[in-house]
Each structure stands twice: as C-alpha cells, then as structure tokens.
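A.B. asks: Just so we're aligned: 299 in our numbering is position 299 of the sequence shown, and the numbers increase by one with no gaps anywhere. From the three backbone atoms N, C-alpha and C, an ideal C-beta is built for every residue, glycine too.
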Amino acid sequence: MKVVVLCGGISTERDVSLISGSMIYKTLKNKGHQAIMLDVYLGFEGSTDGIFELDKDWSESVKGISEINPDISKIKAMRPDGDKNFFGPNVIKLCQEADVVFMALHGVGGEDGKVQAAFELMGITYTGTDFTSAAMAMDKTVTKDLFNAWNINTPKGIVICRKENASKADASDEKRSIYGKYVAENGSEADIVYPCIVKATNGGSSVGVSIANTPSEFDAACDEAFKYDVKAIVEQFIKGREFAVGVIDGKALPVIEIAPKEGFYDYKNKYQAGSTVETCPADLTDSQRIKLQTMAERAYKALRYKSYARMDFMMDKDDEVYCLECNTLPGMTPTSLLPQEAAAIGMDFGELCDRIINMAIGK
Ligand SMILES: Nc1ncnc2c1ncn2[C@@H]1O[C@H](COP(=O)(O)OP(=O)(O)O)[C@@H](O)[C@H]1O
Ligand SMILES: [Mg+2]
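(1) Measure the C-alpha to C-alpha separation of residue 145 and residue 244 and round it to an integer number of angstroms.
(2) Look up residue 260 in the DSSP assignment and give the residues it is bridged to.
(3) Counting Cβ pairs, one atom from each stretch, are 3 or more of them under 8 Å apart for the stretch 197-208 and the stretch 220-234?
(4) For residue 252, does the count of other Cβ atoms within 10 angstroms reach 16, so buried, or fall short, so exposed?
(5) Ignoring anything shorter than 4 residues or poking outside the stretch 276-341, list the alpha helix (DSSP H) runs there in chain order.
(6) Any idea what DSSP makes of residue 253, helix, strand or coil?
(7) Do residue 120 and residue 134 count as a contact pair if the criterion is CB distance below 8 Å?
(8) First and last residue of the beta strand (DSSP E) that includes residue 6?
(9) I believe residue 248 touches residue 282 by the beta-carbon criterion, under 8 Å. Please report the beta-carbon distance rounded to the nearest angstrom.
(10) Among 124, 219, 14, 339, whose alpha-carbon lies nearest the alpha-carbon of residue 65?
(11) DSSP state of residue 271, grouped into three classes?
(12) Return helix, strand or coil for residue 145, following the three-state DSSP convention.
(13) Is the stretch 5-23 in contact with the stretch 58-76, if contact means three or more CB pairs nearer than 8 Å?
(14) Measuring straight from C-alpha to C-alpha, what distance separates residue 43 and residue 104?
(15) Is residue 363 helix, strand or coil when you go by DSSP?
(16) Is the stretch 320-330 in contact with the stretch 254-271, if contact means three or more CB pairs nearer than 8 Å?
(17) In whole angstroms, what is the alpha-carbon distance linking residue 73 and residue 85?
(18) Would you list the one or two residues that DSSP bridges to residue 231?
(19) Which of helix, strand or coil does DSSP assign to residue 176?
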C-alpha cells in the first residue's frame with residue numbers, strides 16, 4: 001500500500017512528531033508498504049515521479065528529542081517559499097497519490113483537526129479521528145465542558161485570559177470577573193487555591209503547564225501558559241497517582257501508570273529516557289482499573305472520537321479519579337504510552353500501525 005507518514009510541522013511538539021513519524025515509517029516499510037515520510041511543513045522539493053518506489057531511508061535525518069521544545073522560528077525560516085501555506089511543497093500532491101496518510105502529527109496544526117478537515121475536502125484518506133473530535137479535544141476548555149456534561153470527573157477549574165486580551169477570548173462581557181490582572185471567563189468568584197495547575201488551553205506534551213504554590217509562581221505560570229495561547233486553565237492540583245488509558249475503536253486498553261522520578265510529568269520527564277517509571281498493566285485493584293477504563297471509554301464517546309485516542313488521568317488517595325484531557329494523536333513510538341498498552345494485550349507496534357491503517361481505509 002502507498003502510505004505517506006505525515007509528521008513534523010510547526011507545533012511545540014514538532015520533535016516528538018518526527019520521532020513518532022520515523023518509527024511508524026520504519027515499521028511500515030519493514031512490513032512491505034511503499035511508505036514515504038514527509039514533514040507537513042517543509043514538504044519535499046524535487047521530482048516526485050516514482051517517489052513511492054524509491055530505495056531511500058526517509059527517516060535518516062531525524063534526531064532525538066532534546067530536553068526543551070523546539071525553536072519554531074528556525075523551522076519557519078527554512079521555507080524558501082514563505083509560510084503563507086501551512087502545507088510544504090508537494091505535500092498535498094503526494095498525500096493525494098497515497099492510499100492512506102498516516103497522521104503522526106502532534107499539537108496545533110495536525111492534532112487540532114485543521115489538517116483532517118482540509119484532507120476531507122481534498123479526498124485524502126487519513127488515519128485517526130475526524131476533524132470535529134480533534135478540534136474539540138484540542139481546546140481543553142471544550143473538553144472539560146463535555147466532561148462536565150457527561151458527568152466525567154475532571155479537576156475543578158476556571159478559564160482566564162489577560163485583561164488586555166479579553167476581547168480575543170470567547171467569553172461574553174457579563175460573564176467576566178476580574179482576578180487582579182486576569183479576567184475569568186465563567187465569572188467565578190472563587191479565589192485561586194494553592195497549589196494549582198496552570199495550563200495553556202491548546203497545549204500538549206506539558207508545554208505551557210506549570211504548578212503554582214504562591215501568587216508569584218502563579219504569575220510566572222500564567223506568563224508561561226500565555227506564550228502559547230490567549231486563554232489558560234487554572235485547575236485544582238490533584239495529588240496522587242497518574243495514569244493513561246488508550247482506547248481503540250471504543251474499547252479501552254490496559255491502564256499504564258506513569259511515575260516521574262522527580263517533579264511532575266513535564267516535557268523533560270516525558271521524553272528523556274529513564275526519567276519516568278512506566279508500568280503496564282498498572283498495579284491496580286479490579287475496581288480501580290475498571291473505573292479508569294470505563295471513564296476512558298466514556299470520554300472517547302463524549303468527544304465523539306473515531307479510531308483511537310488516549311486519555312490522561314490522576315487518582316487521589318481516596319481513589320477519586322479525574323480525567324485531565326484527551327489526546328487525539330498520542331505519541332507513537334514503540335515505547336510511547338499507547339503502544340506499550342497495546343503490547344500488553346499482545347499487539348506489537350507493527351500490528352498496531354496496521355490496525356490504525358485498516359480502521360482508516362474501512363477494512
Ligand atoms: N489538575 C492537575 N493536577 C495534577 N497534575 C496535573 C493536573 N493537570 C495536569 N497535570 C500534570 O501535567 C501534565 C500535563 O497536563 P495535561 O492536562 O495532560 O496536558 P498536556 O499533556 O496536553 O500538556 C499531566 O500529565 C500531569 O502530570
Ligand atoms: Mg497529557
């Protein structure tokens with residue numbers, strides 16, 4: 001089958017996406033697919049004749065993930081034709097020639113439904129969920145509204161923006177209340193309770209997420225979150241164990257526990273080997289496990305997912321489970337969370353990639 005593995009892009013999760021992409025690409029190639037790997041933003045310059053038959057390792061130039069998220073301005077400067085069009089040279093053409101596009105993108109522009117919507121209009125078959133669910137999951141405020149509507153427990157929180165940006169956020173004037181230099185969207189009068197978590201509403205890979213214990217840490221946390229979005233979520237901090245649950249075609253996989261050796265599950269602890277202990281299946285009682293898996297399946301329905309997704313959870317000392325968010329295109333290397341969960345039911349990485357392709361082409 002002709003497959004374009006689409007990765008890279010200009011989100012803060014670019015480097016992670018390149019690793020997901022190269023792992024998927026290598027696996028598909030080994031399985032005999034005519035696979036090529038493309039950076040959605042940088043594209044491919046040159047002749048595309050017979051490109052799917054070329055004997056070339058497309059993943060050669062991909063390096064590891066550094067401790068910090070990438071400098072996107074450098075990537076933008078690499079586009080000789082300017083960056084008016086998100087899709088790089090030949091990307092659409094090659095995606096249209098392929099039987100299926102394997103979506104290995106993470107973050108804004110890829111995981112947020114925009115690429116999926118464009119592909120649907122262009123008749124391109126792609127893996128993963130559709131643009132509606134992807135867009136809803138990308139905005140953590142929408143996700144939390146859906147959780148609340150479906151009685152899926154999620155940490156209590158408020159949405160804030162800077163006063164000067166209030167007009168750019170969606171809240172209506174009568175709903176706004178003032179928090180010092182911030183404006184709360186839901187008019188909540190509650191004071192900020194410490195510790196709290198501050199996160200950009202459209203983030204991923206923990207970029208723009210911080211814990212604040214004091215008002216000055218809160219200000220710093222807001223500065224960090226507002227680098228990425230005009231809105232931020234301020235959430236109660238849940239102390240306890242962290243878990244993730246992948247869902248494929250509506251059915252939950254085994255639960256994985258994530259225990260960073262230091263601090264919380266931030267960018268560094270997510271991608272630097274050895275900094276986090278991951279246990280799958282997690283050491284849980286049956287009732288704890290069922291609670292997490294049921295909640296993951298309900299979250300999948302609430303967000304109207306198709307194909308696959310991964311949900312993130314915290315569980316406090318009283319076994320109260322909180323769903324933090326949903327990931328539309330979760331990390332896809334053999335050691336990423338969802339692939340580890342699939343391996344726990346005997347589905348290796350190659351089989352997982354095939355299953356995802358088969359769901360896309362309707363097999
Ligand atoms: N309310 C919370 N209480 C405790 N820890 C949290 C909370 N929200 C987020 N975290 C921590 O921050 C990490 C990233 O937050 P998350 O909501 O999953 O955003 P993303 O993964 O999209 O950046 C989580 O994996 C968890 O370790
Ligand atoms: Mg997460």
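C.D. replies: According to the data block:
(1) In the sequence shown, the residue the question calls residue 145 occupies position 145. In the sequence shown, the residue the question calls residue 244 occupies position 244. Computed Cα separation, rounded: 20 Å.
(2) Here residue 260 is taken as the residue at index 260 of the sequence shown, counted from 1. In DSSP, residue 260 forms a bridge with 276.
(3) Output reads yes: the stretch 220-234 touches the stretch 197-208.
(4) Counting from 1 along the sequence shown, the entry for residue 252 is found at position 252. A residue is called buried once 16 or more other Cβ atoms fall within 10 Å of its Cβ, and residue 252 is buried on that count.
(5) Complete alpha helix (DSSP H) runs here, min 4: 286-302.
(6) Counted from its first residue, the sequence shown places residue 253 at position 253. Residue 253 falls in the coil class under three-state DSSP.
(7) Walking along the sequence shown from the start, residue 134 turns up at place 134. Walking along the sequence shown from the start, residue 120 turns up at place 120. No, the pair does not count as a contact, with Cβ atoms beyond the cut-off.
(8) Taking the first residue of the sequence shown as position 1, residue 6 is located at position 6. 2-7 is the span of the beta strand (DSSP E), which, as asked, contains residue 6.
(9) Along the sequence shown, one-based indexing puts residue 248 at 248. Along the sequence shown, one-based indexing puts residue 282 at 282. Actually they are not in contact, since the Cβ atoms of residue 248 and residue 282 sit about 18 Å apart, beyond 8 Å.
(10) Counting from 1 along the sequence shown, the entry for residue 65 is found at position 65. Residue nearest to residue 65 within the set 124, 219, 14, 339 is 14 (criterion: CA-CA distance).
(11) Position 271 of the sequence shown, counted from the first residue, corresponds to residue 271. DSSP, read as helix, strand or coil, puts residue 271 in helix.
(12) Locating residue 145 in the sequence shown gives position 145, counting from the first residue. Looking at residue 145 - three-state DSSP - the assignment turns out to be helix.
(13) Enough Cβ pairs lie closer than 8 Å, so yes.
(14) Start at 1 with the first residue of the sequence shown, and residue 43 comes out as number 43. Start at 1 with the first residue of the sequence shown, and residue 104 comes out as number 104. Taken atom to atom, the span from the alpha-carbon of residue 43 to that of residue 104 is near 14 Å.
(15) Within the sequence shown, the letter at position 363 stands for residue 363. In the structure shown, residue 363 sits in coil (DSSP, three-state: anything other than H, G, I, E or B).
(16) No, they do not touch.
(17) By 1-based counting over the sequence shown, the position of residue 73 is 73. By 1-based counting over the sequence shown, the position of residue 85 is 85. Looking at the two C-alpha atoms, the distance is approximately 15 Å.
(18) Looking up residue 231 in the sequence shown gives position 231. In the DSSP output, where bridge partners are listed per residue, residue 231 has 161.
(19) Within the sequence shown, the letter at position 176 stands for residue 176. Confidence in residue 176 is poor, its pLDDT being 48 and thus under 50, which makes the residue's placement unreliable; the coordinate value appears in the next sentence. DSSP places residue 176 outside both helix and strand once states are collapsed to three, so it counts as coil.
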